[in-house]
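Which chain is which? The protein sequence lines are A and B, in order. Counted from 1, the first sequence has number 43 at position 43 by the working numbering; the numbering is strictly sequential. For any residue, its number in the working numbering is found by taking its place in the second sequence, counting from 1, and adding 1000. Note that the Cβ used here is the ideal one computed from N, Cα and C, for glycine as well. Presented below is the structure to which this report refers.
2 protein chains.
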Amino acid sequence: METPDNATAPAADAAEEPTGIAAQDWAAASADPQYRAAVVDLLGALAYGELAAFERLAEDAKLAPTLADKAELAKMASAEFHHFERLRDRLAAIETEPTKAMEPFAAALDGFHRQTAPSDWLEGLVKAYVGDSIASDFYREVAVRLDSDTRALVLAVLDDTGHGNFAVEKVRAAIEADPRVGGRLALWARRLMGEALSQAQRVVAERDALSTMLVGGVADGFDLAAVGEMFTRITKAHTKRMAALGLAS
Amino acid sequence: METPDNATAPAADAAEEPTGIAAQDWAAASADPQYRAAVVDLLGALAYGELAAFERLAEDAKLAPTLADKAELAKMASAEFHHFERLRDRLAAIETEPTKAMEPFAAALDGFHRQTAPSDWLEGLVKAYVGDSIASDFYREVAVRLDSDTRALVLAVLDDTGHGNFAVEKVRAAIEADPRVGGRLALWARRLMGEALSQAQRVVAERDALSTMLVGGVADGFDLAAVGEMFTRITKAHTKRMAALGLAS
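Next up, the structure:
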């Protein structure tokens, strides 16, 4: 998972004094079984996402035009795997079978990756960049509403693997060399965003605990209007990132 | 890369007091430009092998029947990547461009992997096990003839990633469940061994410095007869491993 560009990251209200669950640690917050179930869902989704990101980056490494590019992607894949390990260990530590926590999200994530298999190196880079940035924006928005222990873990595994800058540099150079590439990749990025939203809706429809946490109720501060605002911020950040890449979104 | 089963590992004469180059460190041994070139070749081949192993294991992870199996293979892939990093850093430390050192071996290793793409999970496990074991046997044989610094690095990156036991356990269980699987996998293992030998001959024919080190001349103790004995030991170890797997080799 990626740290989005600082300039385009959605502004989370991190400066405000935390209240409610955000002011509690896991021991206190997890006394509420609904909150506990929502966190297990969140960590399970994130863990499977990291494992899927590992696979996708390792797959992209095979398309790399040079040995140095290949090594760079393998490094990022390995970093994603270590994030996965931390999430899996955390699930085990809170007495949850990690596999059971991940399984509900496998179909949506596998579906996303199947529907958006890149046909070349540049499509792979754009996909990794767009997908990781959106996922990272989403988890950062959610993180500020989590208990302090879970929040620290989620922010740690979203730490920058350096993929963003690498992708931006390579894609920009390719568009400069052949401007027609930009049109093709802009279409590709739109398709990625559409597919991501459709799979996200599927998850929200199927996972009660997670959706209840997102839409008020369990954790703090989210109501339906807030969710709408969050999606607006994430979409805006996506548009800015695409412009920075030289793509109309 | 794998530690072969202790019981079946070819006996390297590690107990003997090192003499010649094996008694020197890198600073002393590398004064000989032919020895230096041979080590750069060896580290380049090993580094590319680790990167290729990373890709292969990541690819096999996609065929995994369960999420736990997938995570296990991703872990091994990540371990291979960290071995690659150590070799690449070492090449850079001895003022060699890592990419340049690896490139001469890319065609042979890519050729091997292309010719032996596994068609299912079990074929992938057998391939990883057979390939890693043979490579590990070979590098251990060579290691005892290297200077002390290079030897320590080579032995460190051959450290067990746990893949051997994992593969043996899974393959045995599959053969127990359906004995016909054994016949198919035995044929597969023979094909892997044949393809590995044919690619190894290609490398030996193309890389003078490396072959000269292997066949006497540069490092200590290898002459053509010794190379023949080494291949006999490696082949015997392979046969024993296949028998342990429940496969006739």
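Look at the segment 145-219 of chain A and you find these whole runs of alpha helix (DSSP H), each 4 residues long or longer: 148-157, 163-177, 180-206 and 208-214. With its beta carbon less than 8 Å from one in chain A, residue 1099/B belongs to the interface.
Collapsing the DSSP output to three states places residue 115/A in a helix. For residue 1062/B, there is no enclosing alpha helix (DSSP H), as DSSP marks it with neither H nor E.
For residue 1247/B, the three-state secondary structure derived from DSSP is coil. Taking CB atoms only, residue 241/A has no neighbour in chain B less than 8 Å away.
Taking a Cβ-Cβ threshold of 8 Å, the residues of chain A close to residue 1082/B are 78, in chain order. For residue 88/A, same chain residues with a beta-carbon under 6 Å away, outside a window of 5 residues either side, are 47 and 98 in chain order. At least 8 Å separates the CB of residue 1046/B from every CB of chain A. Inclusion of residue 51/A and residue 105/A in the CB contact set at 8 Å is not warranted, their separation being larger than that value.
In this structure residue 122/A is not in contact with residue 177/A, their Cβ atoms being roughly 11 Å apart against a cut-off of 8 Å. Close partners of residue 206/A in chain B (Cβ separation under 7 Å) are lacking, with about 18 Å as the shortest Cβ gap. Taking 8 Å as the upper bound on Cβ-Cβ separation, chain A lies near residues 1062, 1066, 1067, 1068, 1070, 1071, 1074, 1075, 1077 and 1078 of the segment 1062-1078 of chain B. Those residues of the segment 137-169 of chain A placed with their C-beta closer than 9 Å to a C-beta in chain B do not exist. Excluding sequence positions up to five before and after residue 70/A, its CB lies within less than 6 Å of the CB of 61 and 64, all in the same chain and listed in chain order. Neighbours of residue 1055/B in chain A, taken as residues whose beta carbon is under 7 Å from its own, are 58, 61 and 62 in chain order.
In this model, residue 1025/B and residue 1032/B are separated by some 12 Å (Cα to Cα). Closest by C-alpha distance to residue 191/A, out of 131/A, 102/A, 45/A and 74/A, is 131/A. Within chain B, no residue has its CB atom less than 7 Å from the CB of residue 42/A, the nearest being about 17 Å off. Out of 1141/B, 1053/B and 1125/B, the CA that lies nearest to the CA of residue 1112/B is found in 1053/B.
For residue 1051/B, the neighbours in chain A by C-beta distance under 7 Å run, in chain order, 70, 71 and 74.
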